[in-house]
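> Below you'll find the structure I mean.
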Amino acid sequence: MPPLLEVRDLRMHFPVREGVLLRARQTCRAVDGVSFTLAAGETLGLVGESGCGKSTLGRCIVRLLTPTAGSIRFEGTDLAPLSRRALKPVRRQIQMVFQDPVESLNARHTVGQTLAEPFIIHGLGTPAERARWVQELLDQVGLPRGAEQKYPFEFSGGQRQRIGIARAIALRPKLVICDEPVSALDVSIQSQVLNLLMELQQQLGLSFLFIAHNLAVVKHVSDRIAIMYLGRIVELGGADDVYANPRHPYTRALLAAIPVPDPRRHSPPAPLAGDVPSPIHPPSGCPFHPRCPHATDRCKAERPELRTVATPTGTAQSVACHYDL
């Protein structure tokens with residue numbers, strides 16, 4: 312069975328304009344050659360530090376941004392070259408949940424207006440049918456009746472994110488891009504929203520691209536995990552394999568940074584040295600070599616490509632590293 316989503320060598324480069332005439336003199340390589348597939352009903356977790364290109368990748372897939380190069384095949388159709396008009400029917404099948412519901416929800420619209428808008432844009436249903444569908448959406452995400460008459464500011468952060476999720480599933484899409492949907496929420500609310508997403512996935516047969524910087528959260532919801540660094544995927548594999556046997560030094564550093572609730576552990580692991588390099592001036596060779604404790608001269612000169620490595624479970628796992636660590 313072909314994958315639901317197939318991304319090949321996707322690149323998103325932004326011109327950096329300088330001078331009085333604002334000429335493009337440099338290029339920011341936010342996404343620099345990303346490839347992966349996503350099967351129907353699967354959740355792929357995308358993890359990395361802030362600034363690594365995760366959100367830009369998600370916005371390219373949903374075509375809020377037009378990629379510089381590469382292909383985005385959804386059910387066999389390449390979305391990258393499509394015009395705005397040609398994209399409209401596809402948008403019913405791909406939706407997005409944003410990180411900050413305060414910014415992504417229109418403060419001047421009631422919840423009812425926000426949830427009815429997708430049906431109006433796509434010409435679905437009568438006013439009475441739309442009102443009924445709005446009520447069904449509120450029930451699905453656990454919001455009370457009467458919420459459709461209120462404005463977003465009248466709800467808590469967790470409730471606002473439920474509104475954003477309801478809007479994303481309104482048209483019954485096949486793929487939902489979740490861009491750090493719980494990072495702005497209290498820890499006690501995060502688990503509720505994660506459980507809601509997993510329940511909706513079972514009910515509606517959704518596929519998720521789940522973007523986050525918290526590996527502990529991603530493991531809870533993902534079938535596979537992709538680790539992203541400076542615009543490229545450096546490790547990709549099953550969630551259990553990546554956690555039990557990380558092959559890239561960057562993945563190991565991210566896992567070591569997860570807090571352990573053990574009072575006997577007095578000293579936290581040493582953090583990564585240095586800062587994330589600029590995507591305008593990326594390092595030569597392996598982009599991680601300035602921070603890697605295992606870097607050699609080869610790492611400084613030659614950029615490693617993703618290669619398949621053996622795993623104890625026999626599943627596919629890929630890593631962009633010259634060495635078997």
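With the numbering used here, letter number 256 in the sequence shown gets 567, and the count goes up by one each step, no holes.
Each residue gets a CB set at the ideal place from its N, CA and C atoms; glycine is no exception.
All values reported here derive from a predicted model rather than from experimental measurement.
Could you check how far apart the C-beta atoms of Leu505 and Val493 are, in whole angstroms? I think they sit under 8 Å.
The residue given as residue 505 occupies position 194 in the sequence shown. The residue given as residue 493 occupies position 182 in the sequence shown. At roughly 6 Å, the Cβ-Cβ gap stays under 8 Å, so Leu505 and Val493 are in contact.
> Count the other CB atoms within 10 Å of the CB of Ala341; is the residue buried (16 or more) or exposed (fewer)?
Here residue 341 refers to the residue found at position 30 of the sequence shown. Buried, by the Cβ-count rule.
> According to DSSP, what are the bridge partners of Leu496?
As a position in the sequence shown, residue 496 is number 185, starting the count at 1. Leu496 is not bridged to any residue.
> On the three-state DSSP scale, how would you describe Tyr561?
Position 250 of the sequence shown, counted from the start, is the residue given in the question as residue 561. Helix.
> Put Pro438 into one of helix, strand or coil per three-state DSSP.
Along the sequence shown, read from residue 1 onward, the residue named residue 438 stands at position 127. Correct three-state label for Pro438: helix.
> Determine the contact status of Ile522 and Asp497, defining contact as a CB-CB distance below 9 Å.
Translated into positions along the sequence shown, residue 522 becomes position 211. Translated into positions along the sequence shown, residue 497 becomes position 186. No.
> By how many angstroms is the C-alpha of Ala567 removed from the C-alpha of Tyr634?
Counting from 1 along the sequence shown, the entry for residue 634 is found at position 323. Counting from 1 along the sequence shown, the entry for residue 567 is found at position 256. Taking the straight line joining both Cα atoms gives about 20 Å.
> What residue from Lys461, Arg328, Pro574 and Ile476 has the CA that sits closest to Gly509's CA?
Your numbering for residue 509 matches position 198 in the sequence shown. It should be pointed out that residue 509 corresponds to Met in this sequence rather than to Gly. Ranking the options by Cα distance to Met509, first place goes to Ile476.
> Helix, strand or coil: which one does DSSP assign to Glu510?
If you number the sequence shown from 1, residue 510 lands on position 199. If DSSP states are grouped into helix, strand and coil, Glu510 belongs with the helices.
> Quick check on the DSSP output: what are the complete beta strand (DSSP E) runs of length 3 or more inside the stretch 320-402, in order along the chain?
As far as the stretch 320-402 is concerned, its whole beta strand (DSSP E) runs of at least 3 residues are 334-349, 354-358 and 380-385.
> Tell whether a beta-carbon distance below 9 Å holds between Ala479 and Phe347.
Position 168 of the sequence shown, counted from the start, is the residue given in the question as residue 479. Position 36 of the sequence shown, counted from the start, is the residue given in the question as residue 347. In this structure, Phe347 does not lie closer than 9 Å to Ala479 by Cβ.
> To the nearest angstrom, how far is it from the Cα of Val408 to the Cα of Lys611?
Taking the sequence shown and counting its residues from 1, one reaches residue 408 at position 97. Taking the sequence shown and counting its residues from 1, one reaches residue 611 at position 300. Using only the alpha carbons, I get a separation of about 38 Å.
> Note down the Cα distance separating Val529 from Pro438, rounded to an integer number of angstroms.
Mapped onto the sequence shown, residue 529 falls at position 218. Mapped onto the sequence shown, residue 438 falls at position 127. So the alpha carbons of these two residues sit roughly 39 Å apart.
> Confirm, please, whether the CB-CB distance from Leu526 to Tyr554 is below 9 Å.
Taking the sequence shown and counting its residues from 1, one reaches residue 554 at position 243. Taking the sequence shown and counting its residues from 1, one reaches residue 526 at position 215. Yes.
> Going by C-alpha to C-alpha distance, which of Arg328, Val373 and Met323 sits closest to Cys363?
Looking up residue 363 in the sequence shown gives position 52. When only C-alpha atoms are compared, the closest one is Met323.
> Judging by CA-CA distance, which residue of Leu520, Thr607, Leu449 and Leu349 is the nearest neighbour of Arg370?
Numbered from 1 along the sequence shown, position 59 holds the residue referred to as residue 370. Arg370 has its Cα closest to that of Leu520, out of Leu520, Thr607, Leu449 and Leu349.
> Under 9 Å between the Cβ atoms of Ala283 and Gly542?
Because the chain spans 312 through 636 in this model, residue 283 falls outside it and cannot be assessed.
> Based on Cα-Cα distance, which residue from Asp551, Ala418, Arg558 and Val571 lies nearest to His605?
Within the sequence shown, the letter at position 294 stands for residue 605. Among Asp551, Ala418, Arg558 and Val571, the Cα nearest to that of His605 belongs to Arg558.
> For Lys399, is the classification buried or exposed, using 16 other Cβ atoms within 10 angstroms of its Cβ as the cut-off for buried?
Stepping through the sequence shown from its first residue, residue 399 is reached at position 88. Flag for Lys399 reads exposed.
> Identify whether Asp430 lies in helix, strand or coil by the three-state DSSP scheme.
By one-based count along the sequence shown, residue 430 stands at place 119. Here residue 430 turns out to be Phe, not Asp, going by the sequence shown. Note: Phe430 maps to helix in three-state DSSP.
> Assign His592 to one of two classes, buried (16 or more other C-beta atoms within 10 Å of its C-beta) or exposed (fewer than that).
Numbered from its first residue, the sequence shown carries residue 592 at position 281. Exposed, because fewer than 16 other Cβ atoms sit within 10 Å of the Cβ of His592.
> If you count every other CB in all the chains shown that lies within 10 Å of the CB of Met539, and 16 or more means buried, which is it?
As a first step, residue 539 is located in the sequence shown; it is residue number 228 there, counting from the start. Buried is the call here.
> Mind reading off the beta-carbon distance from Leu486 to Leu315? Whole number of angstroms is fine, and I expect it under 8 Å.
Looking up residue 486 in the sequence shown gives position 175. Looking up residue 315 in the sequence shown gives position 4. Their Cβ separation, rounded to whole angstroms, is 6 Å, which keeps Leu486 and Leu315 in contact under 8 Å.
> Could you give the first and the last residue of the continuous beta strand (DSSP E) run that contains Arg535?
Your numbering for residue 535 matches position 224 in the sequence shown. Here the beta strand (DSSP E) through Arg535 covers Arg535 to Tyr540.
> Which class does Phe521 belong to by DSSP, given the choice of helix, strand or coil?
For this step, residue 521 is matched to residue 210 along the sequence shown. Strand, per DSSP.
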